[in-house]
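Working notes for the structure below.
In full-length UniProt numbering, the protein residues as written are 1 to 157.
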């Protein structure tokens, strides 16, 4: 008796909270793109309200993960605004504090990344010291082995 399993591909619709988390993360990434392009502003509301300069658009096009068929920086800003409205309806962000939750999340990501980088550098330094110590130990054992071999050769002769 043979058993078959039939799989049908359908988009996975996550729960509402997971969807909001994903929307929050995507919005963060879009805001990061705006910041990387040099868009000025004292807060997120000012950054999004200001018209894009040509220099900022050029920087936006230079981003390594950006294709020519993707929208302009102004389109991305409008998309961020729509996403912020959706997130505000879900009570994830608020316009009262100029969407500070997004900025705080980006800052936490930067700090987390810096801490991770420092941790990895420390681990790398520790591994290098260990390798150096093991190499010295290996050379010491080789030297001892040669001495023992020389000692044994004396008895053979």
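Note that the Cβ used here is the ideal one computed from N, Cα and C, for glycine as well.
Look at the Cβ atom of residue i, then the Cβ atom of residue j, and state whether they are nearer than 7 Å.
{"i": "residue 20", "j": "residue 107", "result": "no"}
{"i": "residue 27", "j": "residue 83", "result": "yes"}
What is the C-beta distance between residue i and residue j, in whole angstroms, given that I count them as a contact (C-beta under 8 Å)?
{"i": "residue 92", "j": "residue 24", "result": "6 Å"}
{"i": "residue 39", "j": "residue 56", "result": "6 Å"}
{"i": "residue 29", "j": "residue 41", "result": "Their Cβ separation, rounded to whole angstroms, is 18 Å, which puts residue 29 and residue 41 out of contact at 8 Å."}
Would you tell me roughly how many angstroms separate the C-alpha atoms of residue i and residue j, rounded to the nearest one?
{"i": "residue 31", "j": "residue 117", "result": "23 Å"}
{"i": "residue 121", "j": "residue 133", "result": "18 Å"}
{"i": "residue 4", "j": "residue 22", "result": "35 Å"}
{"i": "residue 53", "j": "residue 119", "result": "39 Å"}
{"i": "residue 146", "j": "residue 126", "result": "30 Å"}
{"i": "residue 142", "j": "residue 124", "result": "27 Å"}
{"i": "residue 137", "j": "residue 113", "result": "36 Å"}
{"i": "residue 111", "j": "residue 72", "result": "29 Å"}
{"i": "residue 149", "j": "residue 130", "result": "28 Å"}
{"i": "residue 87", "j": "residue 135", "result": "56 Å"}
{"i": "residue 154", "j": "residue 115", "result": "59 Å"}
{"i": "residue 144", "j": "residue 152", "result": "12 Å"}
Helix, strand or coil: how does DSSP classify residue i here?
{"i": "residue 117", "result": "helix"}
{"i": "residue 34", "result": "helix"}
{"i": "residue 53", "result": "coil"}
{"i": "residue 70", "result": "coil"}
{"i": "residue 3", "result": "coil"}
{"i": "residue 91", "result": "coil"}
{"i": "residue 99", "result": "coil"}
{"i": "residue 42", "result": "coil"}
{"i": "residue 152", "result": "helix"}
{"i": "residue 134", "result": "helix"}
{"i": "residue 23", "result": "helix"}
{"i": "residue 63", "result": "coil"}
| said: Using 8 Å as the cut-off, can you tell me whether the segment 95–111 makes contact with the segment 35–51, which would need three or more C-beta pairs spanning the two stretches below that distance? | reply: Contact holds: three or more Cβ-Cβ distances are below 8 Å.
| request: Say whether the segment 25–37 touches the segment 103–119, bearing in mind that this needs 3 or more beta-carbon pairs closer than 8 Å, one atom from each stretch. | output: Yes, they touch.
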